[in-house]
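Under UniProt numbering, the first residue of the sequence shown is numbered 1, with each subsequent residue one higher. Idealized CB from N, CA, C, for every residue including glycine. Values in this document were obtained by computation on a predicted structure and should not be read as measured data. Working notes, structure below.
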Amino acid sequence: MPEKPPPAEPIRVSVPDSNQRKRQQRELYLALFGFIAVVVLAWVQLNFLQVDSYVFFALYNLNFILLLVVLLLVARNVVKLVLERRRKVIGVRLRTRLVLAFVSLSLVPTVLLFVISLIFVRTSVDYWFQGQVEKSLEQALNVGQSFYSSAQDRLEQRGSFLLYQIRDRQMAWGGRNMNAFLDEKRLEYNLGLVGVLSTQLREQNWNADEDWAKVWPELRSEMNLESLLENPRILSAIHPGPEFDLVVGILPVDDGRTGYLVLGDSLGEGLLFKLRQIVRGVDEYKKLQTLKYPLKVTLYLVLGLITLLIILAAIWFGFRLAKELSAPVHALALGTQRISEGDLAFRLHDDAKDELGMLVQSFNHMVQDLEANRAKLTKANLRLEEQNQELETRGRYMEAVLDNITSGVVSIGADGRVTTVNKAAEAILNFDSRQILGKTPNQFLHQDYLVMLQGVAKHLQTHPQAKWQRQLDLRVDKREIKLLVNIVHLQDQGGIIAVFEDVTELEKMHRLAAWKDVARRIAHEIKNPLTPIKLSAQRLERKFSSQVDDRTVFSQCTRIITRQVEHLQRMVQEFSSFAKLPEVRLAEGELEPDLEEIVDMFRTSHVGIQWHLEIATPIPPLKFDPEALRRVWINLMTNAVEALDEQPHPEVVIQAAYLPENQTVVVKFADNGLGLNQVEDIQSIFEPYFSRKKGGTGLGLTIAKSIVGEHRGTILVRKNKPVGCVFEVVLPA
Numbered sequence: 001m002p003e004k005p006p007p008a009e010p011i012r013v014s015v016p017d018s019n020q021r022k023r024q025q026r027e028l029y030l031a032l033f034g035f036i037a038v039v040v041l042a043w044v045q046l047n048f049l050q051v052d053s054y055v056f057f058a059l060y061n062l063n064f065i066l067l068l069v070v071l072l073l074v075a076r077n078v079v080k081l082v083l084e085r086r087r088k089v090i091g092v093r094l095r096t097r098l099v100l101a102f103v104s105l106s107l108v109p110t111v112l113l114f115v116i117s118l119i120f121v122r123t124s125v126d127y128w129f130q131g132q133v134e135k136s137l138e139q140a141l142n143v144g145q146s147f148y149s150s151a152q153d154r155l156e157q158r159g160s161f162l163l164y165q166i167r168d169r170q171m172a173w174g175g176r177n178m179n180a181f182l183d184e185k186r187l188e189y190n191l192g193l194v195g196v197l198s199t200q201l202r203e204q205n206w207n208a209d210e211d212w213a214k215v216w217p218e219l220r221s222e223m224n225l226e227s228l229l230e231n232p233r234i235l236s237a238i239h240p241g242p243e244f245d246l247v248v249g250i251l252p253v254d255d256g257r258t259g260y261l262v263l264g265d266s267l268g269e270g271l272l273f274k275l276r277q278i279v280r281g282v283d284e285y286k287k288l289q290t291l292k293y294p295l296k297v298t299l300y301l302v303l304g305l306i307t308l309l310i311i312l313a314a315i316w317f318g319f320r321l322a323k324e325l326s327a328p329v330h331a332l333a334l335g336t337q338r339i340s341e342g343d344l345a346f347r348l349h350d351d352a353k354d355e356l357g358m359l360v361q362s363f364n365h366m367v368q369d370l371e372a373n374r375a376k377l378t379k380a381n382l383r384l385e386e387q388n389q390e391l392e393t394r395g396r397y398m399e400a401v402l403d404n405i406t407s408g409v410v411s412i413g414a415d416g417r418v419t420t421v422n423k424a425a426e427a428i429l430n431f432d433s434r435q436i437l438g439k440t441p442n443q444f445l446h447q448d449y450l451v452m453l454q455g456v457a458k459h460l461q462t463h464p465q466a467k468w469q470r471q472l473d474l475r476v477d478k479r480e481i482k483l484l485v486n487i488v489h490l491q492d493q494g495g496i497i498a499v500f501e502d503v504t505e506l507e508k509m510h511r512l513a514a515w516k517d518v519a520r521r522i523a524h525e526i527k528n529p530l531t532p533i534k535l536s537a538q539r540l541e542r543k544f545s546s547q548v549d550d551r552t553v554f555s556q557c558t559r560i561i562t563r564q565v566e567h568l569q570r571m572v573q574e575f576s577s578f579a580k581l582p583e584v585r586l587a588e589g590e591l592e593p594d595l596e597e598i599v600d601m602f603r604t605s606h607v608g609i610q611w612h613l614e615i616a617t618p619i620p621p622l623k624f625d626p627e628a629l630r631r632v633w634i635n636l637m638t639n640a641v642e643a644l645d646e647q648p649h650p651e652v653v654i655q656a657a658y659l660p661e662n663q664t665v666v667v668k669f670a671d672n673g674l675g676l677n678q679v680e681d682i683q684s685i686f687e688p689y690f691s692r693k694k695g696g697t698g699l700g701l702t703i704a705k706s707i708v709g710e711h712r713g714t715i716l717v718r719k720n721k722p723v724g725c726v727f728e729v730v731l732p733a
C-alpha cells in the first residue's frame, strides 16, 4: 500500500504566518523600489541624456521593465480577483469595492497632473525646433552647390569652345599640332589638365600638371569612364585634392565616335570639405528634426509611466488592504473548494477564540472525518485494482498463447454467440474472424454442420464432464482437409470451446510410410522368383520351340511371359526406389547447366515437341544434389511428353527465376497437353500409386516430391491456361 501523504500546511485565517509575512514584505519592498527607480531614472533621462543616446533608450527600457514588474504584481492580484469573482468566492465583492475606492481617490489628481505636464512638454519642444535655423543651413548649402555647378559649367563652355577651334583649324584628331594647341590653351585658361581620350578611352595628347597627373588614375576609376562607351554624354566630377579641390569635365566628340575631350581645373582650398560639412549639418538637423515627435512621445511616455505607476501603486495597496480584511471569509471559501476538489489533507488555523474560531474548529473536524472515510475507500480500491491487474495479465497471457499455438480454437458463449477465434483457426479454415465474432452459428454454418453442433451441445449439457472428439473431413477453398476436433463444455462460464488441428499432411505422411512398407515387402517377395521365371521361359523357347506342333503359339506365349516378367521387374525396381530413396547429398553448384543439358537431351529425343528454356534472371549458386534433381527434372519432362501425345502443336516451356524478395528459386514446367480433369487429381497427384497413364505405377511424382522435400523445397501443380498443366518447384536459395 502507498504511504500516507503528509498533512498539508494549514491555512491561517486571521494572522499571517511567517512565510506569508515574508512574502508580503518582499512584494512591498519590490513595489517601493520600482517606484523610486522609475522616478530617478526619468529625472536622469530628462536632464543629462540626449534624445538619440543609446543610454537614453536603455534607461527608458529599464524604466519600462521596472514598470512591468509593478504591473505584474498588480496584474496577478487583478487576475486572482477576476477569477474569484467568476467563482463567486465569499468576500470578493468587499475586496473589489476597496480596490475601486483607492483607484478613484488617486485617479483624478493624477490624471489632472498628467494633462498639465503634456501641455508643458508640447510647448517646450515646439520652441526648441524653429524653422529659421533650418532655412539658414539650406541657403548655405545652396550657395556651395551653385559655386560648384558654375565651375562645371565653365569647364563645359571652354571645352565646347576648344572643340570649335579644333574644327575651325581643321586639325587632325590626336596629331602633334593638336597636342601643342591643347597645351597652349591649358596655359591660356590656367587649367590643370587638357587632354584627349580615344574611342577606346586611352589617353592621347595628354597635358597635365604634376598634381593632376597623380590624381587622374583615381579620378578615372571613380568616374566609371566605361559607361561612356554605352552612353556617350558630358561627364563631370569634383574631387578633393591634396591642396585644392579639383573639378573635371569630359565632352564627347561626334557622340563619342571620334573621342573625348578632357578638361580639369582647381578650386579654392577646402571648399568641397566645407560644403560636405554643411551637407552633414543639414542632414543632422533634419535627422534631429525627425526626432521632434519621437521626443514628444518619449516625454509623454515617461509621464505616462509615472502616472501609471501611481495608479498601479494605489491598486496594489487596495489589494493588500482588501486581502487583510477579507482573509477569514476567503480562507473558509478556499477550504470548501479544496474539499470539493478532493484535498482532505489540509487544515485551517485560527488563533481567534470567538465564534469564527469555533466555526474553523468544526470545519477541521469535518475534514478529518472525511479524510478517514476516504482512506478506507482508497484501500478497497487498491485491492480491486490489484485484482483487475492480475486478471488483465492472465488475459494477455491467454491471448498470447491462443495467437501462437498451431491448433485452432473457437469458443461459443452461453448466449450462443462466437466469442473467441485465434489466428490458427483463421489460417486452417481460411476466413476472417471478424466475419463470425459476435454471431451465432445459425448465421454462418451449413445446415449439416449446424445439426452436428446442436447434437454436440446437447451431449455436453447432459454429460458436462465428457469430451467430444471426432475426425472431420471438410472442403475449404476446393481442397479437402482432415481435422481432429475436440469439444468440451465450459462449466463456469457456460458455452463450449472447440480445439482442432489440421492432420491432412500428418495423415499423408502416415499413408506414405505405410505405402513404403508395402512397396518394400512387395519388392522383396516378387523380386526373387522373377528371374527364374524369365530364364525358364527363355529356356523353353530355345529347347522346345522346334518340338511343339504349333510353334507360333508357343513362341508367342514365351515372349508374353518374358515381357510381363520384365514389366514386373521394372515395377519392382520402382518399388525399391520408392521404399528406400538414396540420401540426398547437398553441394553448392549451378542449376542452369543441368537444366540446359536435360532440355537439349529432350529436344534431340522428341523432335516433334517445341522446347523453350527461359531463365529470367541470373540464378545464384545453390546447395542441391545434382543427381537427385536431375531425376526430378527428367520425371517432370517425361510426364509432359506423355501428356502431349496426339496434341496438334505440342509445346513445353521451362522457366527458371530467382526471387530475391523470398530468397527462393522457382522452376516451372508448363505444357499444353491434356491437363488435369478434376480437383481431386490435383490433391492426389503426389499420392503413391495415383496415375492416369496406362501402365503407370504412380510413384514418379511421389519420389519427385520426396526429393524436393529433402531439399527443403515444395512442388505444386495447377492448371495451365488455356489447356495443360504447370508443375512448379520452389527451392531455397
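Asked	Found
If you reduce the DSSP assignment to three classes, tell me which class Gln-647 lands in.	coil
Run through DSSP, which three-state label would Val-723 get?	coil
With Ala-614 as the anchor, note down where its beta strand (DSSP E) starts and where it stops.	The displayed chain sequence assigns Glu, not Ala, to residue 614. Where Glu-614 is concerned, the enclosing beta strand (DSSP E) stretches over 610-615.
For a quick check, are the C-beta atoms of Val-667 and Tyr-658 less than 8 Å apart?	no
May I ask you to report which of helix, strand or coil DSSP gives Ser-546?	coil
Go through the segment 435-472 residue by residue and report every complete run of the alpha helix (DSSP H) that reaches 4 residues or more, in order.	447-462
In angstroms with no decimal places, state the Cα-to-Cα distance between Asp-211 and Leu-295.	49 Å
What first and last residue would you give for the beta strand (DSSP E) that runs through Val-196?	193-197
To which residues of the same chain is Ser-117 closer than 7 Å at the C-beta, ignoring the five residues directly before and after it?	Leu-303
Closest by CA to Asn-662, which one among Ala-733, Leu-228 and Thr-110?	Ala-733
How big is the Cα-Cα spacing for residue 751 and Leu-391?	Residue 751 cannot be examined here, being either before or after the span of the chain that is shown, 1 to 733.
Quick one: grab the DSSP three-state call for Phe-161.	helix
Do Gly-673 and Lys-719 come within 8 Å of each other at the CB atom, strictly closer than that value?	no
Reducing DSSP to helix, strand and coil, say where Val-503 ends up.	coil
Are the beta-carbon atoms belonging to Arg-417 and Gly-395 less than 8 Å from one another?	no
Below 7 Å CB to CB, which residues in the same chain sit around Val-730 once its five sequence neighbours on both sides are set aside?	Thr-664, Val-666, Gly-713 and Thr-714
Helix or strand or just coil, what does DSSP make of Val-215?	helix
In whole angstroms, what is the alpha-carbon distance linking Ala-640 and Gly-455?	50 Å
Label Met-366 either buried or exposed according to how many other C-beta atoms from any shown protein chain fall within 10 Å of its C-beta, with 16 as the threshold for buried.	exposed
Answer with buried or exposed for Glu-266, where buried requires no fewer than 16 other C-beta atoms within 10 angstroms of its C-beta.	Inspection of the sequence shows that residue 266 is occupied by Ser rather than by Glu. Result: buried.
Do you know offhand how far Asp-550's Cα is from Ile-533's?	22 Å
Quick check: what's the CA-CA separation for Gly-335 versus Glu-84?	14 Å
Do you know whose CA, among Lys-287, Ile-615 and Ser-605, lies nearest Thr-638's CA?	Ser-605
With H, G and I counted as helix, E and B as strand and the rest as coil, what does DSSP make of Ser-407?	coil
So what does DSSP say about Asp-265, is it helix, strand or coil?	strand
From the DSSP output, in three-state form, read off Ile-496 for me.	strand
Considering only their Cβ atoms, is the gap separating Val-717 from Ile-685 smaller than 8 Å?	yes
Taking the beta strand (DSSP E) that Phe-602 belongs to, which residues open and close that run?	Where Phe-602 is concerned, there is no enclosing beta strand (DSSP E), although the alpha helix (DSSP H) it sits in stretches over 592-605.
Name, in chain order, the residues that DSSP records as bridge partners for residue 765.	Lying before the first or after the last residue shown, residue 765 is absent from the chain, which here runs from 1 to 733.
In the DSSP assignment, find the alpha helix (DSSP H) that holds Thr-702 and state where it starts and stops.	700-710
Taking Ala-587 as part of the beta strand (DSSP E), name the residues at either end of that continuous run.	587-589
Following the continuous alpha helix (DSSP H) through Leu-622, name the residue where it begins and the one where it ends.	That residue, Leu-622, is in no alpha helix (DSSP H); its beta strand (DSSP E) goes 622-624.
Where do the ends of the alpha helix (DSSP H) carrying Glu-426 lie?	423-429
Mind checking whether Leu-312 and Val-82 have CB atoms under 8 Å apart?	no
Please classify Ile-560 as buried or exposed, where buried requires at least 16 other C-beta atoms within 10 Å of its C-beta.	exposed
Could you check if Leu-483 is buried or exposed, using at least 16 other CB atoms within 10 Å of its CB as the buried criterion?	buried
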